[in-house]
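S.K.: Which chain is which? The protein sequence lines are F and E, in order. Under the working numbering, the first residue of the first sequence is numbered 4, with each subsequent residue one higher. Under the working numbering, the first residue of the second sequence is numbered 410, with each subsequent residue one higher. Just so it is clear, CB atoms sit at the ideal spot from N, CA and C, and this is done for glycine as well.
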Amino acid sequence: MRPLMLQGHERAITQIRYNREGDLLFTVAKDATPNVWYTINGERLGTYDGHRGTVWSVDVNWDSTKVLTGAADLSCKLWDCETGKVINTWDTKSSVRSSNFSYCGNMINFTTDRQMKHEPKICIYDIREPSDSEPALSFVIDTKEMSKPMCSLWGALNEYLITGHDDGTMAHWDLKVGGELLHSVREHTALIKDMQLSSDQMMLITASKDKTAKLFDAPSLNLMKTYKTDRPVNSAAISPIRDHVVLGGGQEAMDVTTSNLKEGKFDARFFHLVFEEEFGRVKGHFGPINSLAFHPNGNSYSSGGEDGFVRVHQFDESYFDFQFEC
Amino acid sequence: ADAADAAKSSWADQVEEEETVNGDLPPLSQSVVGDIKTVVEYKYNEDDKKVKVVRKYRIETQKTSKSVAHRKLLKKFGKSSNDLSGPNRATTIISEDVQMQFVSTREEEMMQEQEDPTLSKFKHQLQYYMFFKNFKATAPKDKTTEEERKPEEENASNAPSKYVPPSMRSGGNTVGSSMPSGRGNRDEQATIRVTNLSEETKESDLQELFKPFGPLQRIYLAKDKHTQQSKGFAFINFYNRDDAAKAIKSVCGFGYDHLILNVEWAKPSTPS
Numbered sequence: 004m005r006p007l008m009l010q011g012h013e014r015a016i017t018q019i020r021y022n023r024e025g026d027l028l029f030t031v032a033k034d035a036t037p038n039v040w041y042t043i044n045g046e047r048l049g050t051y052d053g054h055r056g057t058v059w060s061v062d063v064n065w066d067s068t069k070v071l072t073g074a075a076d077l078s079c080k081l082w083d084c085e086t087g088k089v090i091n092t093w094d095t096k097s098s099v100r101s102s103n104f105s106y107c108g109n110m111i112n113f114t115t116d117r118q119m120k121h122e123p124k125i126c127i128y129d130i131r132e133p134s135d136s137e138p139a140l141s142f143v144i145d146t147k148e149m150s151k152p153m154c155s156l157w158g159a160l161n162e163y164l165i166t167g168h169d170d171g172t173m174a175h176w177d178l179k180v181g182g183e184l185l186h187s188v189r190e191h192t193a194l195i196k197d198m199q200l201s202s203d204q205m206m207l208i209t210a211s212k213d214k215t216a217k218l219f220d221a222p223s224l225n226l227m228k229t230y231k232t233d234r235p236v237n238s239a240a241i242s243p244i245r246d247h248v249v250l251g252g253g254q255e256a257m258d259v260t261t262s263n264l265k266e267g268k269f270d271a272r273f274f275h276l277v278f279e280e281e282f283g284r285v286k287g288h289f290g291p292i293n294s295l296a297f298h299p300n301g302n303s304y305s306s307g308g309e310d311g312f313v314r315v316h317q318f319d320e321s322y323f324d325f326q327f328e329c
Numbered sequence: 410a411d412a413a414d415a416a417k418s419s420w421a422d423q424v425e426e427e428e429t430v431n432g433d434l435p436p437l438s439q440s441v442v443g444d445i446k447t448v449v450e451y452k453y454n455e456d457d458k459k460v461k462v463v464r465k466y467r468i469e470t471q472k473t474s475k476s477v478a479h480r481k482l483l484k485k486f487g488k489s490s491n492d493l494s495g496p497n498r499a500t501t502i503i504s505e506d507v508q509m510q511f512v513s514t515r516e517e518e519m520m521q522e523q524e525d526p527t528l529s530k531f532k533h534q535l536q537y538y539m540f541f542k543n544f545k546a547t548a549p550k551d552k553t554t555e556e557e558r559k560p561e562e563e564n565a566s567n568a569p570s571k572y573v574p575p576s577m578r579s580g581g582n583t584v585g586s587s588m589p590s591g592r593g594n595r596d597e598q599a600t601i602r603v604t605n606l607s608e609e610t611k612e613s614d615l616q617e618l619f620k621p622f623g624p625l626q627r628i629y630l631a632k633d634k635h636t637q638q639s640k641g642f643a644f645i646n647f648y649n650r651d652d653a654a655k656a657i658k659s660v661c662g663f664g665y666d667h668l669i670l671n672v673e674w675a676k677p678s679t680p681s
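#1: Determine whether the Cβ of E:Arg-467 lies closer than 8 Å to any Cβ atom of chain F.
#2: How would you label E:Ala-631, buried or exposed, when you count the other beta carbons within 10 angstroms and need 16 or more for buried?
#3: For a contact defined as C-beta to C-beta under 7 Å, what are the partners of E:Glu-598 on chain F?
#4: Would you say E:Met-509 faces chain F, with C-beta separation under 8 Å as the test?
#5: Could you give the first and the last residue of the continuous beta strand (DSSP E) run that contains E:Glu-450?
#6: Of the residues F:Gly-87, F:Ile-111, F:Cys-107, which one's Cα is nearest the Cα of F:Trp-93?
#7: So that I know if they touch, is there some Cβ in chain F lying closer than 8 Å to that of E:Arg-480?
#8: If we cut at 8 Å on Cβ distances, does F:Pro-235 have a partner in chain E?
#9: Just the chain F side, please: which residues come within less than 7 Å of E:Val-512 by C-beta, in chain order?
#10: Please tell me whether E:Ile-503 has its Cβ less than 8 Å away from any Cβ of chain A.
#11: Within the 8 Å Cβ cut-off, does F:Gln-317 reach chain E?
#12: What is the C-beta distance between F:Phe-332 and F:Tyr-230, in whole angstroms, given that I count them as a contact (C-beta under 8 Å)?
#13: For the putative contact between F:Ile-195 and F:Ile-241, defined by C-beta atoms under 8 Å, what is the C-beta separation to the nearest angstrom?
#14: Please check the pair F:Val-315 and F:Gly-307, which I expect to be a contact at CB under 8 Å, by giving their CB distance rounded to whole angstroms.
#15: Please tell me whether E:Leu-618 has its Cβ less than 8 Å away from any Cβ of chain F.
#16: Looking at the C-beta of E:Pro-621, does it have a partner C-beta in chain F at a distance below 8 Å?
#17: Counting only the same chain and skipping the five closest in sequence on each side, list residues whose C-beta sits under 7 Å from that of F:Met-119.
#18: Quick one: list the residues of chain F neighbouring E:Phe-486, beta-carbon separation under 7 Å, in chain order.
#19: Please say whether F:Leu-218 and F:Met-205 have beta carbons closer to each other than 8 Å?
#20: In chain order, what residues of the same chain have a beta carbon less than 8 Å from the beta carbon of F:Lys-147, not counting five sequence neighbours either side?
#21: Closest to F:Met-153 by CA distance: which of F:Lys-268, F:Gln-254, F:Pro-37, F:Trp-59 is it?
#22: For F:Ala-15, I'd like the list of residues in its chain whose CB is within less than 8 Å of its CB, leaving aside the five on either flank, ordered along the chain.
#23: Quick one, which of F:His-175, F:Ser-134, F:Ala-271, F:Asn-300 has its alpha-carbon nearest F:Asn-225's?
#24: By Cβ distance, which residues of its chain are closer than 8 Å to F:Ser-105, with the 5 residues on each side in sequence left out?
#25: Comparing alpha-carbon positions, which option in E:Asp-633, E:Ser-494, E:Ala-656, E:Val-460 lies nearest E:Ser-607?
#26: Roughly how many angstroms separate the alpha carbons of E:Ser-438 and E:Lys-484, rounded to a whole number?
#27: What separation, rounded to the nearest whole angstrom, lies between the Cα atoms of F:Val-89 and F:Arg-47?
#28: State the CB to CB distance for the pair F:Thr-72 and F:Cys-84, rounded to an integer number of angstroms; the pair is presumed to be in contact (CB under 8 Å).
#29: Could you tell me which whole beta strand (DSSP E) segments of length 3 or greater appear in the stretch 619-645 of chain E?
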C-alpha cells in the first residue's frame, strides 16, 4: 500500500476522526488549526480557523454538518462543517480535553482539565438551545476522590457518559438524574489516553500508558480482553468488519532522543480481537502514533503521529487474505 | 509531453516535465481530455529560467451516496480556500510503499528460547521437503537432486532455520562455513534480484516462493505504473544473508510460470 501523507499541521497530531460515511477525515494537532480532508485522495477541504492554542479533540456529528473541537485556549467551539465558520464558542475556566457529539447529534459534552486551581468539569449542552443558554447538565469531579478525566464517550441512548481518567480509572456517569457516579473500575494502572467504541457501540477499547490496550463491555465496563505491548499505547481502534484491533503508540516524545532509532517502535500494531495476539505491523511514522482510526468501511485506516503527519493507509489484498492461525 | 509519457501518467504519479520556454509567464491552465486532466504551469526555476511544468492526473469516477457527492463538490475554505480542485502538493504527499509485516508472537517467543537442536534440524529438513515437493514436477531433474543433497550437507552443520541473534548462535562461525557468502560481510544487505519473471507474477507469489528459505524483510516487485503488471524483475530482502544465499542457489534456473528464473545478488557484493 502507498499511504497518503497529509501535511497540514505544524505540530504533533492530537486526534483524528472519520465522519460516518468515511469520506472526510478530521485532524487536530497541537497547532491551533483543525483540518478536514477528503479521504479518497488526501485533498484538504479546509481548515477551521479560530482557536489560539493546542486543540485536544475533535468530533463530527452523524450527518457531517457540524464539527466540535475542544482546545487548550479555554474554549470549545462548534463549527459549520462545510464552510469552516464558528457557530458557537463555549468559554471554560480550564482547557478542554475531550469533546463529543451524542449519537443523535443534538447534545454535546466536553470535559475540562484540572488547571489553575479549577477542578475538572464535565459539561453537557443541548445545541438546539440558544447559544448563550446554560448547560443542560454540568458537574465538577472532586479530585480528592477521582483524578481528572482524559477522554469521554457517550453511552447508549445518551443515558450515561463514559470517562477514562488520569490514574487508569474508568467511570460511568448517569445523565438522566444529573451527574451521579454510577460505577467505576480501575483496570489500568496508568493514564488512559484514548477510548473508542466498536461500530455497534457495545464494546470499547482503551489505550493506556501502562503499555496495554483493553477491551471492555461498554454498558457494564467488564474487562474482556487485554492487548499487551512493550510501549505506551496512545490510541487503539476496533475494526468495523474484522476481528482486529489496531494499537498505536511508542515511547514518549521526550525520550526519543535518548534511545536508538530502531527501538523507537513507532509502528501501528494489529492484534486479533479475540486471541489477543499480534499478527501484523505497519511502519511509517517518525514519532509515536497519537491517534488512530479505522475507516467506517474497514478497508483503510489512518494514523496521526507526534511527527505531525497523518497517514491514510488503504489495506491491500494481503490484509484481507490473511487468516489468523490459532 | 510526448505520447509515451501521457500513457504512463496517473494522478498518483505526477509526471513533471521541465522544459524552458521563451516569452512571458502565461497563466496556469487546465484542460481535461477524456479521463486525463492536464495542468500546465509556468514558473521560474532556481537559475531564473522559465520552466513549463506539466502535470497529468487521471480522473476517477465513483458512485457514492448523495451526501458524499454533495460534500465532494464543496467550496474549499480556511487555509485551503485558494487551492484548486485536486490535491495540493504542499499538503498531500503520496508516500513510499509500505507493507504490513505479518508477525507471529509465538514464533518470536520460540526464537527467544533456545531451540532444541534436533528439533530445529528436523524443521529445516521439513521446510526443504515441503518446498521441493511443490516444485519437483516442474524443476529440471538434475537441479533437484543436486539441491536435495545440499540441505543435508548444511544440516550436518546444524544451520538454524530462523534468524537467531549472533550472540545466541551455537557454533558461531562454523554455521555458515559451507556457504559461498563470507561470514565477514554479514552487515551487507541480504538482497537478491530476481529477473525473468512473467508479467502475471504478483508479490504474493514471490512471497510464497521465497518464504521457505527464511523470513523476508521486504519484497519489491517492479510494476508498470499504468497497467500494474510486473515488469519482470523483483528484489527480495531477507533478514538473513544465509537465507538469501540459499534462495539464490535453489531458485536460480528454476522453471516458474513457463520461464526460467534468474536469481542473483542485488549488488555484486560477494567477490567469490
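M.R.: Here's the rundown:
#1: Reading the second sequence from its first residue, position 58 is the one you call residue 467 of chain E. Not closer than 8 Å to any Cβ of chain F, the Cβ of E:Arg-467 fails to qualify, so no.
#2: Indexing the second sequence from 1 puts residue 631 of chain E at position 222. Flag for E:Ala-631 reads exposed.
#3: Locating residue 598 of chain E in the second sequence gives position 189, where the first residue counts as 1. The amino acid occupying residue 598 of chain E in the given sequence is Gln; Glu does not appear at that position. By Cβ distance, chain F contributes nothing, its closest Cβ being about 15 Å from E:Gln-598, past 7 Å.
#4: One-based indexing of the second sequence puts residue 509 of chain E at position 100. Under the Cβ criterion of 8 Å, E:Met-509 is counted among the residues facing chain F.
#5: What you label residue 450 of chain E is simply residue 41 of the second sequence in a count that begins at 1. That run of the beta strand (DSSP E) goes 445-453.
#6: As a position in the first sequence, residue 93 of chain F is number 90, starting the count at 1. Ranking the options by Cα distance to F:Trp-93, first place goes to F:Ile-111.
#7: In the second sequence, counting from the first residue as 1, residue 480 of chain E sits at position 71. Cβ-Cβ to chain F under 8 Å: yes for E:Arg-480.
#8: Numbered from its first residue, the first sequence carries residue 235 of chain F at position 232. Not one chain E Cβ lies under 8 Å of F:Pro-235.
#9: Taking the first residue of the second sequence as position 1, residue 512 of chain E is located at position 103. Correct list: Glu-281, Phe-282, Gly-283, Arg-284.
#10: Reference to chain A is not applicable here, since the protein chains of this structure are F and E.
#11: Mapped onto the first sequence, residue 317 of chain F falls at position 314. No, F:Gln-317 does not count as interfacial toward chain E.
#12: This structure does not reach residue 332 of chain F, given that chain F is present from 4 up to 329, and the question cannot be answered.
#13: By one-based count along the first sequence, residue 195 of chain F stands at place 192. By one-based count along the first sequence, residue 241 of chain F stands at place 238. About 16 Å; that fails the 8 Å criterion.
#14: By 1-based counting over the first sequence, the position of residue 315 of chain F is 312. By 1-based counting over the first sequence, the position of residue 307 of chain F is 304. With 8 Å as the limit, F:Val-315 and F:Gly-307 do not qualify as a contact, their Cβ atoms being about 10 Å apart.
#15: Position 209 of the second sequence holds residue 618 of chain E. Output row for E:Leu-618: interface = no.
#16: As a first step, residue 621 of chain E is located in the second sequence; it is residue number 212 there, counting from the start. For E:Pro-621, the answer is no, since every Cβ of chain F falls outside 8 Å of its Cβ.
#17: Counting from 1 along the first sequence, the entry for residue 119 of chain F is found at position 116. Only Ser-97 meet the Cβ criterion.
#18: For the purposes of this step, residue 486 of chain E is taken as the residue at position 77 of the second sequence. What E:Phe-486 touches in chain F: Gly-49, Thr-86, Gly-87.
#19: Counting from 1 along the first sequence, the entry for residue 205 of chain F is found at position 202. Counting from 1 along the first sequence, the entry for residue 218 of chain F is found at position 215. Going by C-beta atoms, F:Met-205 is not nearer than 8 Å to F:Leu-218.
#20: Counting from 1 along the first sequence, the entry for residue 147 of chain F is found at position 144. The answer is none, since no qualifying residue turns up.
#21: Numbered from its first residue, the first sequence carries residue 153 of chain F at position 150. Ranking F:Lys-268, F:Gln-254, F:Pro-37, F:Trp-59 by Cα distance to F:Met-153 puts F:Trp-59 first.
#22: Taking the first sequence and counting its residues from 1, one reaches residue 15 of chain F at position 12. Apart from sequence neighbours up to five positions away, the residues of its chain that approach F:Ala-15 with a beta-carbon distance below 8 Å are Ala-32, Lys-33, Ala-256, Gly-290, Asn-293, Gly-308, Glu-309, Asp-310, Gly-311, ordered along the chain.
#23: Against the first sequence, residue 225 of chain F aligns to sequence position 222. From the listed residues F:His-175, F:Ser-134, F:Ala-271, F:Asn-300, the smallest Cα separation to F:Asn-225 is found for F:His-175.
#24: Mapped onto the first sequence, residue 105 of chain F falls at position 102. Listed in chain order, the non-local C-beta contacts of F:Ser-105 below 8 Å within the same chain comprise Ile-111, Asn-112, Trp-157, Asn-161, local neighbours out to five positions each way being set aside.
#25: If you number the second sequence from 1, residue 607 of chain E lands on position 198. Between E:Ser-607 and the set E:Asp-633, E:Ser-494, E:Ala-656, E:Val-460, the nearest pair of CA atoms involves E:Asp-633.
#26: The residue you call residue 438 of chain E lines up with position 29 of the second sequence. The residue you call residue 484 of chain E lines up with position 75 of the second sequence. Between E:Ser-438 and E:Lys-484, the C-alpha separation is close to 20 Å.
#27: As a position in the first sequence, residue 89 of chain F is number 86, starting the count at 1. As a position in the first sequence, residue 47 of chain F is number 44, starting the count at 1. Going from the Cα of F:Val-89 to the Cα of F:Arg-47 covers about 19 Å.
#28: Position 69 of the first sequence holds residue 72 of chain F. Position 81 of the first sequence holds residue 84 of chain F. That pair is no contact at about 11 Å.
#29: 625-632
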